[in-house]
Amino acid sequence: ITDLALLTDVKTWDGVNTFADLAHNLGGTLRAKYAVVERERLILLNVRTATNTPHIILASQGSNITVFTEADRPSSSLGALDSWFLPMEDFKPINAAVVAFGLLVISTEGGQIWKLSGADATNFVIEPLFANSGAQGAVAVASIGNDVLFGRHGKIDSLVGAEAFGDVETDDVSRWISEEIKDVSDWEIVYNPRIQRAYC
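First residue of the sequence shown: 579, per my numbering; consecutive thereafter.
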């Protein structure tokens with residue numbers, strides 16, 4: 579459980595009665611705006627420890643969400659299950675992260691839409707998915723099953739074909755209401771899978 583305001587340490591909850599700070603081997607505080615559990619790892623994005631690092635992706639060891647740093651150095655000695663971190667290529671703050679198309683889709687503030695590719699700690703890499711298209715807002719990207727919606731200034735775009743077909747053209751799903759939303763510059767998008775509706 580993370581805090582968009584970065585005021586509270588990352589939390590865990592066992593689903594019954596234990597709500598506590600996430601135990602970790604970094605020492606000190608560990609805060610993050612976004613968290614994704616993928617491929618048996620806890621991936622934290624827009625992280626604050628002793629310093630604020632909004633452009634960093636931090637991933638735990640495979641199958642152990644409490645280990646975020648390795649004793650083995652240099653990084654060329656990493657094993658497939660080791661923890662890792664990556665800075666965003668544009669060094670801009672991460673402002674969204676969702677799992678879609680079997681990928682981790684990431685947005686940077688005033689930047690673009692990226693994807694995390696790779697299978698393990700030895701080959702994860704950040705690659706552009708759609709240039710000059712960063713979402714605007716702290717909750718402006720949502721996976722809606724077979725598509726991803728993201729809010730930009732004055733529009734809501736879709737990424738449906740970008741990964742599946744290599745076509746990086748987006749679809750402006752808000753074209754019918756473009757006049758009504760032309761001044762919106764900070765989005766919150768929530769998807770309800772039960773009734774298959776996205777609320778923007």
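Note that the Cβ used here is the ideal one computed from N, Cα and C, for glycine as well.
- The beta-carbon separation of residue 727 and residue 762, rounded to 14 Å, does not stay under the 8 Å limit for a contact.
- Between residue 675 and residue 623, the C-beta gap is smaller than 7 Å, which places the two residues in contact.
- Taking a contact to require three or more Cβ pairs closer than 8 Å, the region 601-612 and the region 580-587 qualify as touching.
- Annotation for residue 664: 635, 702 and 704 place their beta carbon closer than 7 Å to its own, counting only its chain and skipping 5 residues before and after.
- Going by C-alpha positions, residue 768 is about 33 Å away from residue 660.
- Runs of the beta strand (DSSP E) lying entirely within the region 662-750, each at least 3 residues long, are 662-665, 672-678, 681-686, 691-695, 703-708, 719-721, 726-730 and 733-736 in chain order.
- Counting C-beta atoms within 10 angstroms of its own C-beta, residue 695 has fewer than 16 neighbours from the protein chains shown and is therefore classed as exposed.
- Within the model, the alpha-carbon separation for residue 756 versus residue 639 is close to 44 Å.
- Residue 759 carries a helical assignment under DSSP once its states are collapsed to helix, strand and coil.
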